[in-house]
Amino acid sequence: MIDFINYLINGALVGLLYALIAMGFVVIYRASKVFNFAQGELVVFGGFIVWWMVASLGLPLWVGLPLAFVAAAIFGLLVERVFFSRLAGESVFAMVMVTIGLLILIRGLILVLFGPQVRSFPIIFPLQPVIIGDILIPRSLLVGGVITVIVGFGLSWFFNRTRAGLRMTAVAEDHQVALSMGISVKRSIAFAWVLGAVLSTLGAIIFLSGKSLNFLASDIGLAALPVALLAGFEAIAGVLLAGLIVGIIQGLVTAYLDPIVGGAIGTVFPFIIMLVILFIRPTGMFGWKTIERV
Amino acid sequence: MTILKHIKTAGLAAAFGLLAATMPAKAETTYNIASLADFTGPYADVMKDLIGARRPVIDWWNAEVGKKLGVKLGVKDYDHRYDAAQVASLWPGIKAELNPIIALGVGGPDVAALQGRLPSDKIPMVMSTAAYGFAWKPDPWIFNQRPTYSHEAASFFEWFRQKRGGAGPLKVAIISSEASPAYVDQHKGVQRYAADNPDKVEVVEVVFTEVQPTDLTTQVNRVTRKGAEVIMIMTNTAAVVATKRALQSLGKQVPIILSSHNGLAESGRAIGDLKQMEGDYEVYAMAAPTDAKTPGREFFDMLQSKYNLKAKWTVSAVQGLGQALIAMRAIEAAAKKVGPDKITGEAVREALISAPITPDDTFKILGTIKFSNDAPFPTQGMVASIATVKDGKYTEAAENVPVPTLNKW
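From first to last, the protein sequence lines stand for chains A and B. Okay, so the first sequence: first residue is 0 according to numbering that gives the first Met the number 0, each after it adds one. Okay, so the second sequence: first residue is 0 according to numbering that gives the first Met the number 0, each after it adds one.
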C-alpha cells in the first residue's frame, strides 16, 4: 500500500512538471494558434541560461535566477520579433513550419554558444527528499508542484479576469475580430512568446535541479505533449488536471506494468491515452469547441 | 697513390649520392578512410577526444609505416548525429566521394544502418564501441574491437563477486532505456547471462527510464530494498546523474558500474565533481586511461608531440586510438599480402579475419584481437580493465580481467 501511495504522489508531481511545460504550449497556442514544436528546445535554452548565470558566471541564485528569467523573456521576444511578427496574416501551417526550423536553430545555437558537453545543472532545491513515515517525496518535484499550481491558477486568473489577459483571450478567439476591436494582435503574440520562454525556464529549473544538462533534456517537451492535448490547447487550468491524470497513470503503469511487460510501457501509455481522448473528443477535455456557421 | 684512392672513393660516393637524390621516391598509392562521427548528436561531448585521436594515428601510420609500404591514407569525417536514418542517407555519398577501403564507425546507428549494406559494398567497418547482441551474426563486415557490453558487464560482475566474497549470486539492478536498441541489447545480454548463471548473478530489476530521467528516487529506493549490490547503467550520463542523486537523497551507497561512453570522468563532469563518483566503476575491454606510464600512454604522448594530437587522455581517446590502430594494422597486413597498389575493402576484411592483432601492435591499448567469421568481435581470449574513483582519484581497480563466455541472446 505504501508503495502504491509513493507511486501515486510521485506520478502526480511528475505530471505537474509536465503541466508546467505544457502551459508553455498553451500560452503560445492561445495567442497565435501555433503549435510550437520547439517548446522542448525553449526548456533546454532556459536551462542553459540558468547554468550560464549560476554555474558558469558564479552568480548567487537570488541574482542569477531573476537574470535568467529576464534573459529568457528577451529571447522569447526576439524569437517573436525575428520570425513570427513577419508571419502575421500568413497561414498557420507556415508558422508551424517555422517552429520546426526554430527547433533546429535553437539546437545549433546551444551547440555554438555552450558546446556539446554535458553540464552539471546547479542544485536549486535541496536534494534531501521529504520523508513522511514510509512516504518519500522528491523535494524538487514537491516545490515544483506547488509552484506549478500557483502559476496555473495565476495564469488562469490573468487570462480570465484582467484586461490584458482578456485581450489575449480575444486574440486567441480570432485575430481578425481582435484587430477590429482595436486589440494589438502582434503585441499579444509577443507577450505570449515572452511568457512561453519564461515558463520554459521555470520548467527547466524544476526539471533539472541537481541533474545534468544537454540538449537531450528537450525530450520533456514531447512528454508534456499528451498533457496539453488532453487538456485542450486553450485551457490553462485544465492543464493542471490533465497533468495529474497523465502523471499518475504513467507512474502507476511504470511501477506495475513495466516489470511484467519487460519494457518501457509507462513512457508510451500517456500517448495511448492522448490518442483515445483525441478520438473521442478532438478538442481535449477543456478545449474550446468551435462552431462555424456558413 | 693513397690520395688518388681516396679521391676515387669520394667521387664514387658523391656520384651515388647524386644518383639517389635524382631518383624518384617510391611511388605511393593513396586510399581513403571514411570517419563517421557524432558532432551534433547525443555523444557530441565525447567526440572531440575520439575523433581527435583517430586522425593523428593515421598521420603517424602514413609517416612511419605507410611510406615504407608505398601506401598513403586519406581520411574525411562525416557527422551523422548518431542517427541511423542519417547514416543511411549519408553512406551512398560517402561511397561515391571517397570509395573508402575501410570505415571507422561510432555506435549503434552505424551498425543498424550499414550491416546489411556493407557486404555488397565490400567495405569493412571498425567500431570504437563494444559490440551488440543484435549484430552477433556470422560473416561480419562490421568489426568491434571489444566484445558486447553484456560481456564486459559480466566480466565486472564476476570480478566484483569474487571481491565481495561469499557464496550467493551478486544482486544487480539495471537502469536501462528503450530509447536505443543498443541500450535494450545491453540488459538483454546480462539477463541471459544471469539466467545461464543463477549462482553468479541475479538481476533484481530492470528499470526503464527516459534518456533524461525526471526523477529516479522511487525506482532506486525500490531496487535497493530488493537488495541490489550493484547498479548497472550503460545508457548515458544523464541516467547516471539521476541515479546518483537518488542514492544521495536516500543516503544509500550502492556502487554503479558504467561503460566507456558514460564512464567515470564523463559522469563526474555531468554531476559536477569526480569525487561524487567515489566507489563507482567502469569496465571495458581496453586499457584504462590512468596516469601510469603504459606503452599506450607513451604512444599517445608521442602523437601529441609529433603528430599534433589535440585530444585529452580519456576513455574516448583510448577508444579512438584502438579503433584506428586496428584499421591501420589490417591495411598494413592487406598491403603485405596483396601488394600496396591492390588494396581493396575485401582485402582489408580478409586481413582483419586472418591476421591476429597482438597487444604490441596496439601498444597494449587492446588485448589480442583475433577476429573470425563467427562473430563481429573476438570471442576468445578477451580481457577487460576496471577503473574506479578512490580517494577522489581516478585509478585502475583491476586489469586483464577475463571476459567470460556468454551464450547468444
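Glycine included, every Cβ here is placed at the ideal spot set by N, Cα and C. Predicted model, so just to flag it, every value in this text is computed and none were measured.
Asked, Found
"State the start and end residues of the unbroken alpha helix (DSSP H) segment that holds residue 152 of chain A.", "138 to 160"
"Quick check on residue 390 of chain B: buried or exposed, where buried means 16 or more other Cβ atoms within 10 Å of its Cβ?", "exposed"
"For residue 216 of chain A, return the contacting residues in chain B, with the cut-off set at a CB-CB distance below 7 Å.", "211"
"So, helix, strand or coil for residue 46 of chain A, using DSSP?", "helix"
"Tell me the rounded alpha-carbon separation between residue 279 of chain B and residue 172 of chain B.", "14 Å"
"Quick check on the burial criterion: 16 or more other C-beta atoms within 10 angstroms. Buried or exposed for residue 96 of chain A?", "exposed"
"Using 8 Å as the limit for Cβ to Cβ distance, is residue 204 of chain B near chain A?", "yes"
"Looking at the unbroken alpha helix (DSSP H) that takes in residue 316 of chain B, where does it start and where does it end?", "314 to 337"
"Please work out which residues of its chain come closer than 6 Å, Cβ to Cβ, to residue 45 of chain A, disregarding the five sequence neighbours upstream and downstream, and give them in chain order.", "71, 199, 200, 203"
"Would you mind reading off the limits of the alpha helix (DSSP H) that contains residue 118 of chain B?", "117 to 120"
"Can you tell me where the beta strand (DSSP E) with residue 401 of chain B in it begins and where it stops?", "392 to 401"
"Give the DSSP-derived three-state secondary structure of residue 229 of chain B in the structure shown.", "strand"
"With 16 as the cutoff for other CB atoms within 10 Å, does residue 41 of chain A come out buried or exposed?", "buried"
"Kindly indicate the opening and closing residues of the beta strand (DSSP E) around residue 257 of chain B.", "255 to 257"
"Which value, in whole angstroms, describes the spacing of the CA atoms of residue 336 of chain B and residue 355 of chain B?", "14 Å"
"Is residue 205 of chain A closer than 8 Å to residue 143 of chain A when the C-beta atoms are compared?", "yes"
"Are the C-beta atoms of residue 105 of chain A and some chain B residue less than 8 Å apart?", "no"
"So, for residue 29 of chain B: in the same chain, excluding its five sequence neighbours on each side, which residues have a beta-carbon less than 7 Å away from its beta-carbon?", "71, 73"
"Going along the chain, which unbroken runs of the alpha helix (DSSP H) with 4 or more residues stay wholly within the stretch 140 to 203 of chain B?", "148 to 163, 180 to 195"
"Classify residue 161 of chain A as buried or exposed, calling it buried when 16 or more other Cβ atoms lie within 10 Å of its own Cβ.", "exposed"
"Which chain A residues sit within Cβ distance under 7 Å of residue 241 of chain B?", "210"
"Any beta carbon of chain B sitting closer than 8 Å to that of residue 123 of chain A?", "no"
"Start and end of the alpha helix (DSSP H) containing residue 343 of chain B?", "First-last for residue 343 of chain B: undefined, no H or E at that position."
"What's the gap between the Cα of residue 123 of chain B and the Cα of residue 323 of chain B?", "13 Å"
"Let me check one thing: in DSSP terms, what residues is residue 118 of chain A bridge-paired to?", "A:212"
"Within a Cβ cutoff of 8 Å, which residues of the same chain sit near residue 176 of chain A, ignoring the five residues on either side of it in sequence?", "169"
"List the residues of chain A that residue 237 of chain B touches, going by C-beta distances under 9 Å, in chain order.", "117, 210, 211, 212, 213, 215, 216"
"Which value, in whole angstroms, describes the spacing of the CA atoms of residue 369 of chain B and residue 151 of chain B?", "17 Å"
"Taking the beta carbon of residue 61 of chain A as the centre, do at least 16 other beta carbons fall within 10 Å, making it buried, or is it exposed?", "exposed"
"Using 8 Å as the limit for Cβ to Cβ distance, is residue 220 of chain B near chain A?", "yes"
"Residue range of the beta strand (DSSP E) that residue 31 of chain B falls in?", "28 to 36"
"Is residue 147 of chain A buried or exposed, if buried means 16 or more other CB atoms sit within 10 Å of its CB?", "buried"
"Okay, do the stretch 186 to 199 of chain A and the stretch 24 to 38 of chain A touch, 3+ Cβ pairs below 8 Å being the bar?", "yes"
"Counting only runs that start and end within the stretch 44 to 94 of chain A, where is the alpha helix (DSSP H) found for 4 or more residues in a row?", "60 to 78"
"Against chain A, does residue 176 of chain B count as a neighbour if the rule is that its beta carbon must be under 8 Å from one of theirs?", "yes"
"Per DSSP, what kind of secondary structure is residue 251 of chain B in: helix, strand or coil?", "coil"
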